[in-house]
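S.K.:
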Amino acid sequence: MEIKAIRGFNDILPDEIGKWQFAEETAREVFEGFGFSEIRIPILERTELFSRGIGEATDIVEKEMYTFVDRSGNSLTLRPEATASIARAYLEHQLYTFDPVAKLYCIGPMFRYERPQKGRYRQFYQIDAEVFGVENPVVDAEVIIMLIHFLKRVGFENLELQINTLGDQTCWPKYREELKRFLTSKSFQLCEDCQRRLQTNPLRIFDCKVETCQEAITNAPKVSDFICSECQKHFDLVKKYLETAGLQYILNPRMVRGLDYYTRTAFEVVSYQLGSQNAVAGGGRYDNLFQEIGGLEIPGIGFAIGMERLVSLLPRDKEFISYPHLFVAALGQEPSKEAYRIVNQLHLEGIRAELDYEGKSLKSQMRRADKLKARYVLILGEDELKRGKAALRNMETKSQEEISINNIFTVLKDKVKELKGKNRH
RNA sequence: GUGAGUGUAGCUCAGUUGGAUAGAGCACUGGGUUGUGGCCCCAGUGGUCGAGGGUUCGAGUCCCUUCACUCACCCCA
Numbered sequence: 284m285e286i287k288a289i290r291g292f293n294d295i296l297p298d299e300i301g302k303w304q305f306a307e308e309t310a311r312e313v314f315e316g317f318g319f320s321e322i323r324i325p326i327l328e329r330t331e332l333f334s335r336g337i338g339e340a341t342d343i344v345e346k347e348m349y350t351f352v353d354r355s356g357n358s359l360t361l362r363p364e365a366t367a368s369i370a371r372a373y374l375e376h377q378l379y380t381f382d383p384v385a386k387l388y389c390i391g392p393m394f395r396y397e398r399p400q401k402g403r404y405r406q407f408y409q410i411d412a413e414v415f416g417v418e419n420p421v422v423d424a425e426v427i428i429m430l431i432h433f434l435k436r437v438g439f440e441n442l443e444l445q446i447n448t449l450g451d452q453t454c455w456p457k458y459r460e461e462l463k464r465f466l467t468s469k470s471f472q473l474c475e476d477c478q479r480r481l482q483t484n485p486l487r488i489f490d491c492k493v494e495t496c497q498e499a500i501t502n503a504p505k506v507s508d509f510i511c512s513e514c515q516k517h518f519d520l521v522k523k524y525l526e527t528a529g530l531q532y533i534l535n536p537r538m539v540r541g542l543d544y545y546t547r548t549a550f551e552v553v554s555y556q557l558g559s560q561n562a563v564a565g566g567g568r569y570d571n572l573f574q575e576i577g578g579l580e581i582p583g584i585g586f587a588i589g590m591e592r593l594v595s596l597l598p599r600d601k602e603f604i605s606y607p608h609l610f611v612a613a614l615g616q617e618p619s620k621e622a623y624r625i626v627n628q629l630h631l632e633g634i635r636a637e638l639d640y641e642g643k644s645l646k647s648q649m650r651r652a653d654k655l656k657a658r659y660v661l662i663l664g665e666d667e668l669k670r671g672k673a674a675l676r677n678m679e680t681k682s683q684e685e686i687s688i689n690n691i692f693t694v695l696k697d698k699v700k701e702l703k704g705k706n707r708h
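For the first sequence, this note's numbering gives the first residue as 284, with consecutive numbering after it.
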């Protein structure tokens with residue numbers, strides 16, 4: 284094969300798709316139960332939307348965007364995340380005139396030009412949820428509760444919820460400056476990476492594994508001493524609402540966000556089974572995003588779930604795969620015609636039926652029926668057909684009965700109903 | 001962008017200090033049963049040994065270059 288998918292772009296094959304569908308269906312059900320509506324947004328936007336919304340100095344904008352100039356000379360970018368686009372749509376269609384509060388969710392692919400590794404790809408899927416127009420910390424909690432509830436519904440009871448507050452425009456920069464000043468005085472102790480982090484993102488130095496760096500930060504100023512009273516109050520309420528909802532969380536004062544628009548509440552759900560990229564979902568409040576892209580002061584909060592990471596934690600289970608209800612094995616010309624007629628009819632009735640397309644021996648048709656895990660096989664031979672009969676074999680019990688072809692639809696409908704009663708499919 | 005590891009059949013992998021037609025298991029196709037699946041037995045299909053160059057009488061094996069994949073760093077979902 285000469286032409287292969289490009290780096291970091293993956294095919295999701297049929298044997299895996301059940302897990303994806305399950306995750307998406309569950310998200311729709313849960314989110315709509317919380318009053319969210321789906322929104323679908325374009326995959327391409329004007330580059331400006333992201334450079335302004337996410338922030339010029341962020342890694343995403345500086346080096347990770349798929350950006351190109353189209354035939355009319357506009358700079359366009361494949362969306363690296365959904366929030367900015369959803370906010371743009373909200374402004375563009377003035378959804379706030381209908382209701383200042385908007386609860387929206389979106390499922391689809393995002394694109395970032397990074398070196399792929401476990402849990403990180405150039406095209407990756409996110410399930411995104413956003414609430415616009417509410418400053419009250421109740422929604423911070425509501426959104427987190429919805430996320431955790433969703434994760435429980437797909438089967439994860441014990442993922443770790445980490446929360447932090449990033450402060451806002453008034454208190455966060457102060458802390459940043461103070462930390463920078465402190466660390467600059469210790470810069471001789473810092474490793475090469477941290478020398479650079481000192482300029483770009485000093486908080487990251489907390490995460491450095493180099494021993495001398497760890498020593499350097501032992502007496503560093505703490506975020507909590509700099510958070511202003513308004514932000515502190517907001518955060519305290521978020522924590523209280525989470526507690527009254529019975530949610531366990533871990534305070535992670537080192538948690539940072541890579542996107543400029545985040546303020547106040549930030550949260551992540553992590554799994555230690557994921558490898559280095561361990562965040563299944565992440566999000567937070569962004570009360571400045573709208574000003575950046577549209578000039579209106581509209582608060583927002585939301586999260587994104589990484590679908591690849593989520594799906595990789597789901598058990599590789601056959602229950603997601605749908606098997607044929609019936610395989611029709613035909614022997615000879617007339618029976619083949621009859622099989623074709625029957626299968627077409629069954630498809631119209633919503634019964635999953637398969638047949639042999641290559642005129643193979645019964646043995647090989649049986650093998651295929653078995654391989655496809657068909658529940659029943661209908662065997663059509665010349666003699667039986669002349670009598671208007673066919674053999675219906677239950678592949679699990681091996682019991683076989685002769686039924687008349689006229690009754691096939693009613694007999695099968697009952698059998699399929701039984702099958703559906705037993706499990707999802 | 002940086003670092004490390006790995007490239008032999010569709011998949012998982014053997015392949016000796018360089019030696020003759022490159023192997024196994026699984027999968028696939030057919031047969032053993034003129035019309036009955038899984039287990040078993042037999043046979044068959046399938047490889048430019050990632051690509052290019054070099055050393056050598058001889059390269060899957062050694063050297064160089066290059067590409068791809070994987071993991072990690074950076075950063076994030």
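From the three backbone atoms N, C-alpha and C, an ideal C-beta is built for every residue, glycine too.
Keep in mind the model is a prediction, meaning the values are calculated, not measured.
#1: Output the distance between the C-alpha atoms of ASP721 and PHE471, rounded to the nearest integer angstrom.
#2: At what residues does the alpha helix (DSSP H) containing VAL626 begin and finish?
#3: Out of GLU667, ARG635, GLU665, which one is the CA nearest neighbour of LYS656?
#4: Pairs of beta-carbons, one from the segment 378-390 and one from the segment 605-619, closer than 8 Å: are there three or more?
#5: Using alpha carbons as the reference points, say which of GLN683, LEU466, LYS523 lies closest to GLN497.
#6: CA-CA distance, LEU530 and LEU663?
#7: Compute the minimum distance between the beta carbon of ALA370 and the heavy atoms of the ligand ZN, and state whether it is under 7 Å.
#8: State the Cα-Cα distance for the pair VAL506 and ASP294, rounded to the nearest angstrom.
#9: Can you grab the Cα-Cα spacing for the pair GLY316 / TYR379, in whole Å?
#10: Three or more C-beta pairs closer than 8 Å, one from the segment 427-439 and one from the segment 309-326: is that the case here?
#11: Could you pull out every residue in the same chain whose Cβ sits closer than 6 Å to the Cβ of LYS457, ignoring the five residues on either side in sequence?
#12: Taking only three categories from DSSP, how would you classify ASP697?
#13: DSSP on ASP294, reduced to helix/strand/coil?
#14: With 16 as the cutoff for other CB atoms within 10 Å, does ARG707 come out buried or exposed?
#15: What are the start and end residues of the beta strand (DSSP E) that includes LEU449?
#16: Give the secondary structure of ALA636 by DSSP, where H, G and I count as helix, E and B as strand, and everything else as coil.
#17: Taking buried to mean at least 16 other C-beta atoms within 10 Å of its own C-beta, is PRO598 buried or exposed?
#18: Spell out a yes or no on whether the segment 543-551 and the segment 560-570 are touching, meaning 3 or more CB-CB pairs, one atom from each, closer than 8 Å.
#19: Considering just the uninterrupted stretch of the beta strand (DSSP E) at ALA674, what are its terminal residues?
#20: Under a Cβ-count criterion, where at least 16 other Cβ atoms within 10 Å of its own Cβ denotes burial, should ALA288 be classed as buried or exposed?
#21: Taking a contact to mean a Cβ-Cβ separation below 8 Å, would you say GLU684 touches LYS672 in this structure?
#22: So LEU361 is in the beta strand (DSSP E); what residue range does that whole segment cover?
#23: Hey, is the segment 406-425 in contact with the segment 475-483, meaning 3+ C-beta pairs nearer than 8 Å?
#24: Decide yes or no for the touch test of the segment 290-309 against the segment 334-344: beta carbon pairs closer than 8 Å, at least 3 of them.
#25: Counting Cβ pairs closer than 8 Å, one from the segment 437-445 and one from the segment 406-419, do we hit at least three?
#26: Quick check on the burial criterion: 16 or more other C-beta atoms within 10 angstroms. Buried or exposed for LEU631?
M.R.: With the structure as the only source:
#1: As displayed, the chain neither begins before 284 nor continues past 708, which places residue 721 out of reach and without an answer.
#2: 616-631
#3: ARG635
#4: no
#5: LEU466
#6: 59 Å
#7: The model on display carries no ligand, and the ligand ZN is accordingly not part of it.
#8: 43 Å
#9: 21 Å
#10: yes
#11: PHE509
#12: helix
#13: coil
#14: With a pLDDT of 45 at ARG707, under the threshold of 50, the modelled position of this residue cannot be trusted, and the question is left open.
#15: First-last for LEU449: undefined, no H or E at that position.
#16: strand
#17: exposed
#18: yes
#19: 672-677
#20: exposed
#21: no
#22: 358-361
#23: no
#24: no
#25: no
#26: exposed
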